[in-house]
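Participant: With positions in the sequence shown counted from 1, the corresponding number in this note's numbering is that position plus 6.
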Amino acid sequence: MFSTKLIVWNPIDPSRAEEFEVWVDTGASYSWVSRSRLEALDLRPTRRMVFRTIEGRTIERELAAVFVRVDGYTGGDTLVLAEPGDSEVLGAHTLESLGLTVDPVKKQLVPTVGLAMLGSAPAARSESRGM
Numbered sequence: 007m008f009s010t011k012l013i014v015w016n017p018i019d020p021s022r023a024e025e026f027e028v029w030v031d032t033g034a035s036y037s038w039v040s041r042s043r044l045e046a047l048d049l050r051p052t053r054r055m056v057f058r059t060i061e062g063r064t065i066e067r068e069l070a071a072v073f074v075r076v077d078g079y080t081g082g083d084t085l086v087l088a089e090p091g092d093s094e095v096l097g098a099h100t101l102e103s104l105g106l107t108v109d110p111v112k113k114q115l116v117p118t119v120g121l122a123m124l125g126s127a128p129a130a131r132s133e134s135r136g137m
């Protein structure tokens with residue numbers, strides 16, 4: 007495991023931003039940032055989601071829409087509002103949306119090639135068969 011700097015800001019007011027260190031955790035579906043940190047940026051929850059913990063318990067947390075920057079890569083994302091006792095982590099959803107992956111040997115984030123659908127769309131295939 008290693009840490010990196012994460013910058014989070016409010017999409018409605020980009021002047022409200024904060025930079026801080028988070029652990030990189032590809033085992034976490036989403037990135038988790040403390041509720042107090044996100045509320046200080048005037049970010050409000052948009053919905054709730056259920057998560058399974060490493061111990062196998064299920065917990066429910068709120069999510070918020072944000073903009074993020076990691077290692078110069080910027081994009082829109084959805085973060086979990088972490089409650090007291092939850093870790094702040096950079097998860098798989100954020101990494102994938104920014105086009106980044108983990109180099110576990112060098113302990114750094116590196117650009118990756120995104121996956122695209124191969125072949126043509128189903129409707130196009132049907133038309134090519136004379137259907």
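Yeah, the Cβ is synthetic: ideal placement off N, Cα and C, and Gly gets one too.
Should residue 124 go down as buried or exposed, given a rule of 16 or more other Cβ atoms within 10 Å for buried?
Facilitator: Translated into positions along the sequence shown, residue 124 becomes position 118. Classification for residue 124: exposed.
Participant: According to the neighbour-count rule (16 or more other Cβ atoms, all chains shown, within 10 Å of its Cβ), is residue 42 buried or exposed?
Facilitator: As a first step, residue 42 is located in the sequence shown; it is residue number 36 there, counting from the start. Residue 42 comes out exposed.
Participant: Which residue spans inside the segment 19–91 form an unbroken beta strand (DSSP E) run of at least 3?
Facilitator: Counting only runs of 3 or more, we get 23–30, 37–40, 53–58, 64–76, 79–88.
Participant: Taking only the alpha-carbon atoms, compute the straight-line gap between residue 104 and residue 68 and give it to the nearest angstrom.
Facilitator: Here the question's residue 104 lines up with position 98 in the sequence shown. Here the question's residue 68 lines up with position 62 in the sequence shown. Near 22 Å, if we compare the C-alpha coordinates of residue 68 and residue 104.
Participant: In terms of alpha-carbon separation, which member of 63, 76, 39, 52 lies closest to residue 92?
Facilitator: The sequence position of residue 92 within the sequence shown is 86, counting from 1. Minimum Cα distance to residue 92 is reached at 39.
Participant: Whole angstroms are fine: how far does the CA of residue 88 sit from the CA of residue 115?
Facilitator: In the sequence shown, counting from the first residue as 1, residue 115 sits at position 109. In the sequence shown, counting from the first residue as 1, residue 88 sits at position 82. Taking the straight line joining both Cα atoms gives about 23 Å.
Participant: Since residue 103 is in the alpha helix (DSSP H), which residue starts that stretch and which ends it?
Facilitator: In the sequence shown, residue 103 corresponds to position 97, counting from 1. Run containing residue 103: 98–103, per the alpha helix (DSSP H) assignment.
Participant: Who are the near neighbours of residue 82 in its chain, counting only those whose CB is closer than 6 Å to its CB and skipping five residues on each side?
Facilitator: Position 76 of the sequence shown, counted from the start, is the residue given in the question as residue 82. If we look at residue 82 and ignore the five residues flanking it on each side, its Cβ neighbours are 73.
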